[in-house]
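Worksheet: one structure, shown below.
There are 2 protein chains.
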Amino acid sequence: MKKNITIAGAGLVGSLSALYMKKRGFNVAMYERRDDLRLAKITAGKSINLALSERGWTALKKVDAAKDVEKIAIPMYKRIMHDVQGNLSEQAYGNPGQAIYSVSRSMLNLVLMEKAEKLGVDIHCNQKCTDIDFETGTAHFEHTNSNEKTSIHSDLLIGADGAFSAVRNQMVKRSRQQYSQQYIEHGYKELLIPAHDNGSHKLEKNALHIWPRGNFMLIALPNLDGSYTCTLFAPYEGQESFEKLKTHEEVQEYFEKIFPDLVPLIPDLSDQFFTNPTSSMAIMRTYPWHVNDHTILVGDAAHATVPFYGQGMNAGFEDCRILDELLDKHNNNFKTCFEEYSRVRKPNGDGVQDLSMHNFIVMRDKTAQPNFLLQKKIEQKFTQLYPEKWTPLYSMVSFTNISYADAWHIGMKQEKLMQSIMNIPNISEVWDSDDIMEKMLRLL
Amino acid sequence: MKKNITIAGAGLVGSLSALYMKKRGFNVAMYERRDDLRLAKITAGKSINLALSERGWTALKKVDAAKDVEKIAIPMYKRIMHDVQGNLSEQAYGNPGQAIYSVSRSMLNLVLMEKAEKLGVDIHCNQKCTDIDFETGTAHFEHTNSNEKTSIHSDLLIGADGAFSAVRNQMVKRSRQQYSQQYIEHGYKELLIPAHDNGSHKLEKNALHIWPRGNFMLIALPNLDGSYTCTLFAPYEGQESFEKLKTHEEVQEYFEKIFPDLVPLIPDLSDQFFTNPTSSMAIMRTYPWHVNDHTILVGDAAHATVPFYGQGMNAGFEDCRILDELLDKHNNNFKTCFEEYSRVRKPNGDGVQDLSMHNFIVMRDKTAQPNFLLQKKIEQKFTQLYPEKWTPLYSMVSFTNISYADAWHIGMKQEKLMQSIMNIPNISEVWDSDDIMEKMLRLL
């Protein structure tokens, strides 16, 4: 008999896991708390674009979804840094041709949901998961408009319902379920740079723009329609924080002082500032990621992260691919498969979270330092000479499928080695010499 | 107008905080999820005795509740260690006359609840807190039998509802609320040593008995009726763990091998073993401990800990006393008072948790080591010579009101100093000499 799979959440990871489960020949139904994305008006203010990288593409390809997504993805080959005087500097993300891709969350979701529906996945919207009976593996849903209650008993419940996962919240009530939520002191707010009247981009299109300011930053990612989605990451309290920006004048002054080249690009800057919400960010950890043979967590539900490596979605997509591999390995034996899934995947959830916190400091602070840009140039040169011996951390994370845990571990070792290279007194003059490359080779 | 205070939870800390709030002249009502303790049959298996120490007494005295509690408290002046051969050794907890006190949880609760009721506190049982509206400060309760719903708007909601606090769980859903629950790998199970037929105790009465076994242990605390409540702390999985004890024969064999002198004291040992539950233990942390000027957490709701210092209740009682002091200091201004309460009390919640984890290792492992007992003797001698210069960690925690955070900090520094004393080659021969005391004085 065909196994029945219930997926809580029809977001990005829920929809992709539906494609994976359908491909295995299971019956699949998705239950989504929100309105049907296909009917709803898309609202600004909540991380509406994302950076898709190698892991994401790998997971999409395995269910033949990459082609559809390519059409809506904009390659970003480099970071462009904007300093307080409006001067630009830049840093390539990887080798020529390597890029991360800006995609709209809602457009990507639409593509995946429609593909799932076409393959026969049932999609139920406005269904809120209210309770789970872990003894019997029964999930209870309530319609958010009619309040009608539905109880679903299936062979597997997949919690793909995001950072505030109802499935995980039910698991956290169970004895011995580890859990933590750690909010950082920064909040974020989105702002939109509209396109030129002719629909063209106001900034260089194929790049991720950063305004690094030490303890905080602003970033901008390109959209297909010529606009950019900007995100301001700033502390809630203290110096140059959200709490200090209470009036239109204060906002205008703040941007003119700190992000002067941005001001002419956003005509209704302070209106947007007060219309769009300020949102919090957290790292959420739990263990295990499964209950018996009938419930598992994927994506943010298992390992919600702060957004600074652009890897949240990619990590969730990778969960789907790895789970698929493990189901092959265990011949669809859910019990043994899920035990291994929890055990092998958890260090990578931790890894992507550690990487994300680390990259916040890189983006907001390091990218403004000439020494950091020099270090990245030296690493890039070395990796071109000895590609088998060195892949820079950013490339391991963004352009390979090396596990996050391994990438983090190797990256920290590389960083230590590079510190001794960067401590060479006249490194900025001699960095391009053979000596330096030989020294790195010896130190490895 | 008199302020109205709602307390979620009529347990130990809830009842004591009711006494404190009543004493301030507020109207106080307690809402308890469970059956009325005064009507219910007391069931074994859930930590039915506790160790009351100085902080607990201090908090009880301030609301004139100490006299009533003295009648039901048994002083324990020392630890008595039982080795695998049944040999005994012992260690005084403090100076002569200093003791921690074994009390029955249910009897203590009864004393405090009845005192509260006599003073005019309203007590509502079978009332489960289902939701809180933090905008308006309204708590929603549902009667666990009739399902009747009640909404209570009051000036202050005190979450005194324990480790699985419904009030805290609602706070954890709020943005930027920090939270973690960390279960340890050990579980616990209670067992009862009955009294002799004549009602006398089968072991030395005025002591806490420990069977330290390295990675695990068993303890016994005296009850008024001549019985002892034992608690076995053992890992859930692995060597000599709960998972290995599936049959009556396995249990009998385990106890005969590991706790042989206990076996004759508990005639129905393996029956008790399979009747009583195995329960988990966790450290739960959250921050802040308040919402605006209308909700606060006290006791386990704010800082649930593993039980190994016997300080969980004492810390909760101390919360009530400190809160009372802060309400004096802030002239009953809830907003500023609660901000300070969260800020100053949180490090002590962390402190009692760190101390508790530390003392697990002391109890289960260190108390079996001659060197540890010698170290404690040296410290005891030094503290008698120089009482202003040295209070041993255990004494700071159990016999003073020094803050937990300070005790932990000072204790770790003392431990470092004592390591250098214990490393003196022939310390076991020379420990009683003036030289050693002078050396400690110099090292301080």
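Chains A and B, in that order, give the protein sequences. For what it's worth, numbering that gives the first Met the number 0 labels the leading residue of the first sequence as 0, then goes sequentially. For what it's worth, numbering that gives the first Met the number 0 labels the leading residue of the second sequence as 0, then goes sequentially. All C-beta atoms in this analysis are idealised placements derived from N, C-alpha and C, irrespective of residue type, glycine included.
Rounded straight-line distance, which links the Cα of residue 99/A to that of residue 409/A:
So the alpha carbons of these two residues sit roughly 21 Å apart.
Using CA atoms only, rank isn't needed, just tell me which of 357/B, 421/B, 423/B and 424/B is closest to residue 392/B.
By alpha-carbon distance to residue 392/B, the top candidate from 357/B, 421/B, 423/B and 424/B is 357/B.
Do residue 182/B and residue 179/A have their C-beta atoms closer together than 9 Å?
At the C-beta level, residue 182/B and residue 179/A stay beyond 9 Å of one another.
Would you mind stating whether residue 7/A and residue 162/A have Cβ atoms separated by less than 9 Å?
A distance of 9 Å or more separates the beta carbons of residue 7/A and residue 162/A.
Would you check if there are 3 or more beta carbon pairs closer than 8 Å linking the segment 373-384 of chain B to the segment 429-442 of chain B?
The answer is yes - the segment 429-442 of chain B touches the segment 373-384 of chain B, with three or more Cβ pairs under 8 Å.
Just how far apart, CA to CA, sit residue 48/A and residue 326/A?
The C-alpha of residue 48/A lies about 31 Å from the C-alpha of residue 326/A.
Under 9 Å, Cβ to Cβ, is there at least one residue of chain A near residue 468/B?
Look at the range of chain B in this structure, 0 to 443, and you will see that residue 468/B is not part of it.
Since residue 303/A contacts residue 282/A with CB under 8 Å, what's their CB separation in whole angstroms?
Contact between residue 303/A and residue 282/A holds, with the beta-carbon distance rounding to 7 Å and staying under 8 Å.
When the distance is taken between beta carbons, is residue 416/B closer than 9 Å to residue 443/B?
Contact flag set, yes.
Outcome for residue 297/A when other beta-carbon atoms lying within 10 angstroms are tallied against a minimum of 16
Taking every protein chain shown into account, the CB of residue 297/A has 16 or more other CB atoms within 10 angstroms, so this residue is buried.
Would you kindly report the start and end of the unbroken beta strand (DSSP E) that includes residue 140/B?
Residue 140/B -> beta strand (DSSP E) spans 137-142.
Please list the terminal residues of the continuous beta strand (DSSP E) segment that includes residue 209/B.
Secondary structure note for residue 209/B: its beta strand (DSSP E) is the uninterrupted segment 206-211.
Kindly list the residues whose CB is nearer than 7 Å to the CB of residue 23/A, restricted to its own chain and excluding five residues on each side of it in sequence; keep chain order.
Correct list, in chain order: 326.
Which of the three DSSP states is assigned to residue 44/B in this structure?
Residue placement at residue 44/B cannot be trusted, given a pLDDT of 45 that sits under 50; the coordinates are not used to answer.
If contacts are defined as beta-carbon pairs under 8 Å, then residue 157/B and residue 137/B qualify, I think. What distance do you get, rounded to the angstrom?
Their Cβ separation, rounded to whole angstroms, is 15 Å, which puts residue 157/B and residue 137/B out of contact at 8 Å.
Name the residues in the segment 271-282 of chain A whose C-beta lies less than 9 Å from a C-beta of chain B; which are they?
From the segment 271-282 of chain A, only 278, 279 and 281 have a Cβ closer than 9 Å to chain B.
Selection of the segment 347-371 of chain A by Cβ proximity to chain B, strictly under 8 Å
The residues in question: there are none.
Does any C-beta atom of chain B lie closer than 9 Å to the C-beta of residue 105/A?
Residue 105/A is outside the set of residues whose beta carbon lies under 9 Å from a beta carbon in chain B.
Whose C-alpha, out of 92/A, 64/A, 66/A and 88/A, is nearest the C-alpha of residue 77/A?
Residue nearest to residue 77/A within the set 92/A, 64/A, 66/A and 88/A is 92/A (criterion: CA-CA distance).
Between the Cα of residue 62/A and those of 21/A, 51/A and 96/A, spot the shortest distance and give me the residue it belongs to.
Looking at 21/A, 51/A and 96/A, the one whose alpha-carbon comes closest to that of residue 62/A is 21/A.
At a CB distance below 8 Å, what residues from the segment 422-433 of chain A approach chain B? Give them in sequence order.
Of all residues in the segment 422-433 of chain A, none comes within less than 8 Å of chain B when Cβ atoms are compared.
Below-9 Å beta-carbon distance, residue 174/B vs any chain A residue:
Taking Cβ atoms only, chain A reaches closer than 9 Å to residue 174/B, which makes this a yes.
Out of curiosity, what's the CA-to-CA distance linking residue 57/A and residue 187/A?
The alpha-carbon separation between residue 57/A and residue 187/A amounts to approximately 29 Å.
Please list the partners that residue 385/A has in chain B, where partner means a Cβ-to-Cβ separation under 8 Å.
By Cβ distance, chain B contributes nothing, its closest Cβ being about 42 Å from residue 385/A, past 8 Å.
Three-pair Cβ contact test at 8 Å for the segment 254-272 of chain B versus the segment 73-87 of chain B
Inter-segment contact for the segment 254-272 of chain B and the segment 73-87 of chain B is present: three or more beta-carbon pairs are separated by less than 8 Å.
Could you give the distance in angstroms between the alpha-carbon of residue 388/A and the alpha-carbon of residue 309/A?
The straight-line gap from Cα to Cα measures roughly 25 Å.
Proximal chain B residues relative to residue 179/A, where beta-carbon distance stays under 9 Å:
What residue 179/A touches in chain B: 177, 178, 179, 180, 181 and 284.
Alpha carbon to alpha carbon, what distance is there between residue 133/A and residue 197/A?
If I take the Cα positions, the gap works out to 56 Å.
Could you give the DSSP three-state label for residue 398/B: helix, strand or coil?
In the structure shown, residue 398/B sits in a helix (DSSP, three-state: H, G or I).
Below-9 Å beta-carbon distance, residue 45/B vs any chain A residue:
Confidence in residue 45/B is poor, its pLDDT being 49 and thus under 50, which makes the residue's placement unreliable; the coordinate value appears in the next sentence. Answer no: the Cβ-Cβ gap between residue 45/B and chain A never drops below 9 Å.
Spell out whether any CB of chain A is found under 9 Å from the CB atom of residue 166/B.
Chain A contact via Cβ: absent.
CA nearest to the CA of residue 67/B, picked from 108/B, 94/B and 96/B:
Comparing Cα positions, the closest option is 108/B.
DSSP bridge partner residues for residue 281/A (one or two, in chain order):
Partner(s): 182/A.
Distance between residue 193/A and residue 240/A (C-alpha atoms, nearest Å):
C-alpha separation (whole angstroms): 25 Å.
Secondary structure of residue 319/A, DSSP reduced to three states
Residue 319/A: helix per DSSP, three-state reduction.
Could you please give the first and the last residue of the uninterrupted beta strand (DSSP E) stretch that includes residue 238/B?
Neither: residue 238/B is in no beta strand (DSSP E) and is coded neither H nor E.
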